[in-house]
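In the working numbering, the protein residues as written are 636 to 715.
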């Protein structure tokens, strides 16, 4: 399942790919990006880690809540 996020990054127009998967006590988040968009900063803000263009984290909470947090942080990358 998580390879989907890598596939999405291969689409030419894609700048950031996000894959969310519910796990026992929260949501597993996988993030991929291209170029200067630092998804590692998004993962770090949510308690995770990784690299500038590939990172992830596990976040406690419901899927809709986590989705809103992740998308809010990720959209901020386009404001820089």
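For each residue, glycine too, the CB sits at the ideal point set by N, CA and C. In this text the structure is predicted, and so the values were computed from the model without any measurement.
Reducing DSSP to helix, strand and coil, say where residue i ends up.
{"i": "residue 706", "result": "helix"}
{"i": "residue 711", "result": "helix"}
{"i": "residue 672", "result": "coil"}
{"i": "residue 639", "result": "helix"}
{"i": "residue 698", "result": "helix"}
Can you tell which of the options has its C-alpha closest to the C-alpha of residue i?
{"i": "residue 681", "options": "673, 691, 672, 687", "result": "691"}
{"i": "residue 671", "options": "657, 678, 687, 659", "result": "687"}
{"i": "residue 702", "options": "685, 678, 649", "result": "678"}
{"i": "residue 689", "options": "705, 704, 697, 653", "result": "653"}
{"i": "residue 649", "options": "656, 658, 657, 639", "result": "639"}
{"i": "residue 660", "options": "651, 707, 709, 698", "result": "698"}
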